[in-house]
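In what follows, a single structure is set out as structure tokens and then discussed.
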Amino acid sequence: MKVFLFLFVFLFAVALVILMIWRQLDHRADRAEMARLIALQPKSPPAFDPAMVVDLPEPARRYFEYTILTGTPLFTVADIEMTGQFSLGTKEVPNYMAMTARQVLAAPNGFIWKMSGGKGLMRMSGSDSAGWTRFWIAGLAPVARFGGTSDHTRSAFGRYVAEAVFWTPAALLPGPDVVWQAVDENTSKVTFRHSGITQDVYISVTAEGQPTEVRFPRWSDANPQGVYRLQPFGGYLSEFREISGFRLPTHVEAGNFFGTEDYFPFYLADVTSLHFPQPE
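For the sequence shown, our numbering begins at 41 and goes up steadily by one.
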């Protein structure tokens with residue numbers, strides 16, 4: 041009996057050490073991806089001039105003239121810290137957990153969102169990126185590990201292109217791979233292409249050009265069938281602040297099936313810090 045107990049304790053200790061090393065490797069990968077994305081920040085970008093968008097459809101022009109002040113350096117990589125609520129539940133039983141997170145956003149090249157939420161043994165932490173989704177319970181037990189597929193890449197691309205509308209509008213200035221079209225008086229569509237993936241995003245703006253609503257068809261398996269397909273995603277932007285020459289939202293709510301009766305805002309975020317880092 042003593043031998044059995046000793047063997048059990050030994051194996052448990054070995055498993056615990058392996059899990060701790062595994063978790064540290066995830067942390068290292070997170071830091072490396074953040075550093076890679078930050079290194080993509082343009083070192084001496086041009087300054088914004090309204091002439092850059094004068095030929096765009098009216099709602100798109102208003103969007104840029106509101107979100108980027110004249111003379112602002114056109115940085116495209118943002119480092120964002122946030123608090124808020126996050127849900128892994130359903131519309132009927134959301135079970136929101138308080139969360140804090142840091143995100144590096146560098147469209148079209150990627151993003152990484154590193155979060156922790158909940159408390160005690162139910163504390164969840166991990167990261168979401170263009171290459172992976174990895175979450176842990178209590179920092180010891182992996183509960184979600186996937187990525188590295190074309191489906192994941194396409195789904196992630198939709199997310200971070202839409203978030204560029206929120207927080208890095210300079211990344212969406214018109215160019216060969218970024219095309220703007222008018223939808224109606226206060227709505228425009230931007231089509232973003234990168235590495236063989238195309239994503240449409242629809243932006244609704246006020247008369248002044250403040251973006252208030254973002255929606256897009258997202259490639260997602262967040263549905264009862266658990267199969268990847270295009271389905272509506274989106275949310276609302278509010279509480280704008282001027283940050284380094286940009287006017288950006290500091291409150292975002294978003295979720296699946298936006299614009300339908302099944303809309304469920306599982307992501308509620310309040311930005312506590314946002315800056316445009318310089319590569320080391």
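Cβ atoms here follow ideal geometry from the backbone N, Cα and C, with glycine treated the same way.
- Query: Shortest alpha-carbon distance to P264 belongs to which of T130, A100 and E248?
  - Reply: T130
- Cβ pair G188, T173 closer than 8 Å: No, they are not a contact pair.
- Look at the alpha carbon of I283 and the alpha carbon of H315, and state the distance between them as a whole number of angstroms. 8 Å
- Shortest alpha-carbon distance to A181 belongs to which of D168, S169, R194 and M162? M162
- Expressed to the nearest angstrom, what Euclidean distance is found between the alpha-carbon atoms of A262 and K154? 20 Å
- Task: Since I believe L308 is in contact with G124 (beta carbons under 8 Å), could you give me their beta-carbon distance rounded to a whole number of angstroms?
- Result: 5 Å
- Any idea what DSSP makes of A53, helix, strand or coil? Helix at A53.
- Identify whether V205 lies in helix, strand or coil by the three-state DSSP scheme. DSSP, read as helix, strand or coil, puts V205 in helix.
- Under 8 Å by Cβ, that's how I've got Q271 and R255 pegged, so tell me the actual separation to the nearest angstrom. Going by Cβ atoms, the distance from Q271 to R255 rounds to 11 Å, so no, they are not a contact pair.
- Task: Decide if the region 136-148 is in contact with the region 95-111; the criterion is three or more beta carbon pairs, one per stretch, under 8 Å apart.
- Result: no
- Keeping to the same chain, check which residues put their C-beta closer than 6 Å to that of D66; ignore five residues upstream and five downstream. R174
- Query: How would you call P148, buried or exposed, if buried means at least 16 neighbouring beta carbons within 10 angstroms?
  - Reply: With 16 or more Cβ atoms within 10 Å of its Cβ, P148 is classed as buried.
- Query: Which of helix, strand or coil does DSSP assign to L180?
  - Reply: coil
- Query: Is the beta carbon of T231 sitting closer than 8 Å to the one on I243?
  - Reply: Their beta carbons are not under 8 Å apart, which means T231 does not touch I243 by this criterion.
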